[in-house]
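Working notes, structure below.
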Amino acid sequence: MPVHLVWLTVAFPLLGFLVNGALAFARPNARRAVSVAGVGSLVASFVVSLGIFLTVRSAHIVEPEIVKLWAWLPVDRFHIDIAFQVDPLAAVMLLVVTGVGSLIHLFSVGYMQEDAGYARYFAYLNLFIVFMLVLVLGSSLPVLFIGWEGVGLCSYLLIGFWFSDTANASAGKKAFLMNRIGDFGVLIAMFQLWTTLGTLEFVGIAREAPRLLQPGGTAVTLITLFLFLGCTGKSAQIPLYTWLPDAMAGPTPVSALIHAATMVTAGVYLVARTNVLFAMAPATSTLIAGVGALTALFAASIGLRQYDIKKVLAYSTVSQLGYMFVGVGTGVFVSGLFHLVTHAFFKALLFLGAGSVIHAMHHAYHASHSHDDAQDMRNMGGLRSYLPKTWVLMWIATLAIAGVPPFSGFFSKDEILTAAFVRGADNPWYYLFYAMGLAAAFATAFYMARLMVMTFHGENRSGAAAREHLHEPGAIMTGPLIVLGVLSALGGILNVPAALGGHHALAGWLRPVFAPSAGYLQVEELRGSTEYLLIAAAVLAGVAGLVLGYRATLNSRLLPAREALPDTGFARVLANKYYVDEAYDRVIVRPVVGFSRSVLWRFFDQGLVDGLLVNGSARLFRGVGWLGSQLQTGQVGFYVLFFAVGAVWILHVLLG
Amino acid sequence: MTEVVFYVFATIAVVSAALCILQRSAVSAALWLVTTMFSLAGIYVLLGAQFIAAVQVLVYAGAVMVLFLFVIMLLNIGHSTPDLRGSSMVGATVVVVGLLVVELATLWRYTPRRLAAEITGTPLANPAALFAAGQAAQQETAARGVVGGVAAPLFQQYLVPFEATSVLLLSAIVGAVVLAKRKV
Amino acid sequence: MEQFFSPILAAIGYNRWILHVLLILPLVGAIGILVAPGSWARWFTLVVAGLEFFLALGLWFAFDPSNGGIQFESQVDWIRGWGVSYHIGIDGISLFMVLLATGMMPLLVWGSWHSIQVRRRGYYALLLALKSAMIGVFISLDLFLFYCFWELLLIPMYFLIGVWGSSNRLYAATKFVLYTFSGSLLMLVAIVAMVWTVGRATGTYSFSYDHLLANRDALAGQAPWLFTAFALAFAVKVPIFPFHTWLPDAHVEAPTAGSVDLAVILLKMGTYGFLRFAIPLFPAFALSPAVSAVFVVLAVTGILYAALVSMVQPDLKKLVAYSSVSHLGFVMLGIWGSTVQSVQGAIMVMIAHGVSTGCLFFLIGMLYDRRHTRLIADYGGIARVAPILTTAFVITAFASIGLPGLNGFIGEFLVLLGSYARFPVAVGIATIVIVFAAAYLLWAVQRVFFSPLVHEANRTLRDVDLRELAVLVPLVGSMIWMGVYPNPFLRRTEAASRRYIEMVSPHLPPLAHEAGVIRQEAAR
Amino acid sequence: MLLGPSLALSAILFSLGVAGVLLRRNAIVLFMCIELMLNAVNLTFVALSRLYGAGGYVMVFFVMTVAAAEAAVGLAIILAIFRHEQSVDLENINLLRG
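First to last, the protein sequences are chains A, B, C and D.
The numbering used here applies: residue 1 is where the first sequence begins, and numbers increase by one.
The numbering used here applies: residue 657 is where the second sequence begins, and numbers increase by one.
The numbering used here applies: residue 841 is where the third sequence begins, and numbers increase by one.
The numbering used here applies: residue 1365 is where the fourth sequence begins, and numbers increase by one.
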């Protein structure tokens, strides 16, 4: 497929969006048409993506191919086209987005079948794919930014999909606002880049940055710091991660697609795209790795004490994104991206699996007229006999995320940890990051085992009435799960390291993309024995976490949510997510709103400016006018007197 | 002789004007005003404006003052109570009017010669040259009579204003009728 | 398209008569309404407005984008003794203001079709008269003429607010008129002083803009106070913080059409005044570091301050009014950014703000027509009963927030990008507003449209009808068009912006990065 | 020629008219005082007409016309006010008070 047809990948979902959008208003109940338009457009897009990928592969496209669609912002020397950039990185991202996207669309057909907003849902989902593809295909930062903000918009709309509930609408708003803080960083980075480099195209940046920027200098550090601020927003890193757990208010397939597989990884993609800048800014890179490691550990620890199945997965996502940032912060961009890809597989699988559990639970509760929480794991238990396929597939994903060989997560996570350790040689901070990563790996395995046990093993706690209605959803939902299961299990093949007999296929594929940064990063060779030792450590952490988590959870006395006792001690702090949300609310949100209301608006605007100055001057003039009006007695005689006095005075002037 | 007559008329005019503003009764005031107007008509004759003098008697002393008396009688306010203003107002009036008289007193000594000197800024040997228009008008009056002397400029040079006054009078009539009507 | 239309327009001599017609037609229409029977008023206005818009559309095609100077120019002596002439014409800056003013006209009539129940004739006549004055302001190239239109505009606006406004209308109308009038009187003094000064220096006493501009060096000595007088008049109109408090009151009390006209056109007159008169006439003073600092600080303060205040407004119209103050801060920042990008960005913000804020006021008007309240607390859950209205509102809100792909982004981005080289810190602070902008609008959207439907009265709220849809579709469509393909707009404003920069550039310090790039190129 | 004495007489009559307006509260008397002032002005016109030509006479003519019109309308107003207030005392008529 010719590369210049890449716009078709965007055009199909756009068409799907338009059709579904129209249907949402005109025929909201035409579910079949909506399904065809929604899923069909994605599959078509995937086919085109596959064609593009194969073309890139067979034609050995190394230099990015720019496909210009139209001139967008031609302003004097500043000139931005709506243009797509096709290169190995874009090709990989295309496949991930459209591939995982297609599967999740398909899953949604089953999951959302009975929702009143079916057409609206697919319209949003298609629009999301449009923006996500613009994000990964954009050939310049502003075009990327269209996608960047566009996916934020779709995320906002989909989190607040069931908007009649205030909490959902608030969660959507929160996500958008947090993202906007990050977008502020991206904007500033763009301005600084334009001011120093005179270009915002990725090709131009790669060309000009080595020429005009001082490695490790202020300018490049500033630019990368601001770019990374954008990443913390979009990819839910400390300090802007709190929106992602709340984003679980949206439908579960949305969580899988947007808040696990694609959108939240945009930050990693952005760093990879502008890798040359980050390679030139070692200070920022260290910060990124540090933030990533901290986030990984911090979020994993919160995940240990969550009861909502989706919340556990959400914190898991935050934590895994932290890993990716450790990777790109360490300079191994390929490993970061590799983890992005495998994470897309297994986390999508986990979310969809959770979706199928929630679907089953929801149906059971609905049928038995219970009002219990269908997402609370304390109400589940022993579901393996009711949902066997889901059980197996979710275990595959669990093993993958825990880093157990030979599942995909093992390869990607191990690479990141190894690289961090290696980097420790010249920057000791990285040893700390490595240790934190290892601890996080242990915690990850622990909470995943806890999740699996609480959901699928042990006694069933959903109540007798509901139990009868529990059953596995249909093939349209399990089908995508199976495909993702295969990918999660085997995704590691993409980039098997040399130490394990592979040849770094993904690394080889992406080498041209990261060529500009290669010169700034010294690659240190690792002795074989150390490498095997590191692998062993990582595997050990994962397996230990799994085993301990399994045993601990199975042995604890679990009660349904209604009867459960509140947590105490540190567990309570964890269950309340370290009270970060509350702290943000008290320290930032309320003071800003309160300050705006009572000081800026009431006191300054209404009191000082409008009251004292504007109305005050009006009152002053009115007072002077009142004084003048006291002369107006209404007695003609007085007027004549004044008149006469004036006349005398004029006469005096004229005659005297 | 002319001067003597002038001063007699002037005295009558001033005295009756003073009485006009001091009389309590509106009717007496009106009658004293009529006296003032008659004496002014006499002065007009002395100044060579016989036509104006005639019109003064006809219009002012006749029509206008009769209108005043009609209204006074119509409203039945001929025997009104004292209507002078308060003492502070009287004091202010005395001061202001006194100043006015002082300012205007200088007019007493004006002659055509002095006027011409003030207008041109230098004393003139022959002030009559400056006031050629006045002499021309006197010749005109001599040629055409007192009425013709006024009529010629009125119907030639001042035709448009003249017509405008007719419109004014018409609208005054309409206005007076509308205002004086009992119910609108 | 252009190849097709241009010859037709040339054949009918379009360039020669169009501006005169655009100026006179609404005024004639206004007189026509007063003469015609009262029941005709609405249709008559619609026809006049439609005709006006149709005629103005030709400007889009007949305008020569490569020409940065004045086009469609014509000049007739008016008061020769004073050097006053009827001199009109437009360039790339005023083109879109005229198009915006004329394009909004049919929508204004459609949009308030049922809103006005009393004294319709007067209302529509004033609406048309207002339009004439607005167009006059933007096409005048003679300062006397400009001032006449500038003040003329107050009269219809005063009555629109004062007669057809809501409860506190008289206060708002009086405040509006007195506030803007006291500003512009200073401008009148400055204009006369300017003519006199230039006249003494050159021997030609003329109010002509070209003449004054060509001899602006003669004004240099008096520039500080002349510029201040101009700047005060325009600052009140913009309005720049802290001269903004008339705006929320005027917006809240005005009828829908008045609010829309205020937002779409009136506010742009201030920024247009800076671009056309205040800065080009006194560039050395206006762009000196001290004065720049004052305006940039005020602009940035206004951007943030208005956004924060907007966030806590209980009244929808006030919220949007304060957001206007914030948006116009961007225009001011762009003007003082003084690069081609920032100036074009400022013009784009002016256009985009007109379209999206105008649309927001239409939408609020529609809500008001249904529920007779503007308080956010009285709504909630509207999305369930009025999905189309909600969709339009959400799109418009995002356009106003500055989502890329919609119109608001283009201008703001260019302004910030262009100004960054000159005022990096100020731009950095101003950029934070993208968070607050999202906060105040999305919070309002959430409280009005989402959340549970608690008020019974809202349960029966109608969705938009066809007439309202006919208002919304062009507006929302143009938001997307301007966001996705702003090229036609940028192309038409580029030459004028470049000419403007050339006009003021001798008084500008060189840009740091330009110097850097030039150094780099020299080294190569 | 009597120019100076005429002007002086006119000034005195005018001042008396002003004094009358200031002193009296009776609207009709006040009106008469205004007539007196108009007459004083007429005298000035006539006196100066001997120097400046017949324009002065014409002006006197106009003044008389206006005075007549004014008297008609003014008295009609007084009539209307009297009907309303039952008085022509200006103390009672103070609609102009600020």
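Beta carbons are placed, not taken as given, at the ideal position from N, Cα and C, and that holds for glycine.
Owing to the predicted nature of the structure, the values given are computational and were not obtained by experimental measurement.
When secondary structure is reduced to three states using DSSP, A:W70 falls in the strand class.
C:S914: member of the beta strand (DSSP E) spanning Q911 to I919, first to last residue.
For the pair of segments examined, the segment 1235-1253 of chain C was found to touch the segment 1275-1283 of chain C: the number of CB pairs separated by less than 8 Å reaches three. Look at A:G625: its C-beta is not under 9 Å from any C-beta on chain B.
One Cα belongs to C:N907, the other to C:I858, and the distance between them is close to 18 Å.
Taking each of C:R1299, C:M945, C:V1035 and C:F1122 in turn and checking the Cα distance to C:L891, the smallest one comes out for C:M945. Within the DSSP secondary-structure output, C:F1263 pairs in no beta bridge. Approximately 25 Å separates the beta-carbon atoms of A:V254 and A:G292; this is outside 8 Å, ruling out the contact. Identification of chain A residues near C:I1274 by a Cβ-Cβ cut-off of 8 Å yields R180, D183, F184 and L187, ordered along the chain.
For A:G637, the chain B residues whose Cβ falls inside 7 Å of its Cβ are R741 and M745, in order along the chain. Judged by beta-carbon spacing, C:V1183 lies beyond the 9 Å limit of C:L1121, meaning their Cβ atoms are not closer than that value. Closer than 8 Å at the C-beta level to chain A, one finds these residues of the segment 756-770 of chain B: L756, E759, L760 and T762.
No Cβ-Cβ contact shorter than 9 Å links C:M1319 with C:I1216. Those residues of the segment 1259-1292 of chain C placed with their C-beta closer than 7 Å to a C-beta in chain A are Y1260, A1261, V1267, G1268, T1271, I1272, I1274, V1275, A1278, A1279, L1282, W1283, Q1286, F1290, S1291 and P1292, ordered along the chain. Annotation: A:H504 to A:P64 spans about 21 Å, alpha carbon to alpha carbon. With respect to chain A, the C-beta atom of C:W1086 has a partner C-beta closer than 9 Å. For the segment 399-433 of chain A, there are no residues whose beta carbon sits under 7 Å from a beta carbon of chain C. For A:D567, there is no enclosing alpha helix (DSSP H), since its DSSP letter is neither H nor E. Annotation: Cβ neighbours of A:K173 in chain C (cutoff 7 Å, chain order): L1282, W1283 and Q1286. Contact between the segment 852-869 of chain C and the segment 881-896 of chain C is present: three or more C-beta pairs spanning the two stretches fall below 8 Å.
Between the alpha carbons of A:T242 and C:V1189 lies a distance of about 33 Å.
Your pair A:W429 and A:T286 checks out as a contact, with CB atoms roughly 6 Å apart and the cut at 8 Å.
A straight line joining the alpha-carbon of A:E415 with that of A:Y323 spans about 10 Å. Residues are counted here when their Cβ sits less than 8 Å from a Cβ of chain B; for the segment 1386-1407 of chain D these are L1386, L1387, R1388, R1389, N1390, I1392, V1393, F1395, M1396, C1397, E1399, L1400, N1403, N1406 and L1407, given in chain order. The C-alpha of C:Y1019 is placed about 29 Å away from the C-alpha of C:D1209. By the rule that beta-carbons nearer than 9 Å mark a contact, B:F724 touches chain D. Each residue's CA atom was taken as its position, placing C:T1096 and C:I1204 some 8 Å apart. Where C:S1099 is concerned, the enclosing alpha helix (DSSP H) starts and stops at T1096 to D1101.
Between A:A397 and A:F338 the beta-carbon gap is near 17 Å, outside 8 Å, which marks them as no contact.
Secondary-structure assignment with DSSP links A:E65 through a beta bridge to A:V86. With a 10 Å radius around the Cβ and a threshold of 16 neighbouring Cβ atoms, A:D376 comes out buried. Residue contact with chain D for B:T821: present (Cβ-Cβ distance below 9 Å to some residue of chain D). Close to chain A, meaning a Cβ-Cβ distance shorter than 8 Å, is no residue of the segment 694-724 of chain B at all. A:T390 is not a Cβ neighbour of A:S368, given a cutoff of 9 Å.
Judged by DSSP secondary structure, C:Y926 falls within the beta strand (DSSP E) whose first and last residues are V924 to I930. Take the alpha-carbon of C:S1007 and the one of C:V1311: they are about 26 Å apart.
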